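Accompanying notes for the structure given below.
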Amino acid sequence: MSRQVIAILILGLGVLLSAYGVVISKQETRQQFQQLVTLQDTRDELEIEWGQLQLEQSAWATHGRIESEARRILQMKLPRVGDAVLVSE
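Residue 47 in our numbering sits at position 47 of the sequence shown, with consecutive numbering throughout.
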């Protein structure tokens, strides 16, 4: 075989290997993009849940809610004026 034929075969093989590399790279990019979209969807769902939990926590932590639960569950009540004692150091 002549040098030209060998050079053409080597160049052809190089083109095929390069094309194969492009295909593999493109496939990996598609997979990673799909994973990115899935993770972004999960992040969005978690952010929504976090907001709902913060609202729920603020509802449970209001002064009126704590006072009503203290009265209902612990049977606590405000002391009368004469029952309050001032403690000083």
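Note that CB positions come from ideal geometry on N, CA and C, so glycine has one too. All of these numbers come straight from a predicted model, not from anything done at the bench.
In the three-state reduction of the DSSP assignment, Gln34 falls in the helix class.
The Cβ-Cβ distance between Met76 and Ala70 falls below 8 Å. Straight-line measurement puts the Cα of Leu55 at about 21 Å from the Cα of Asp41.
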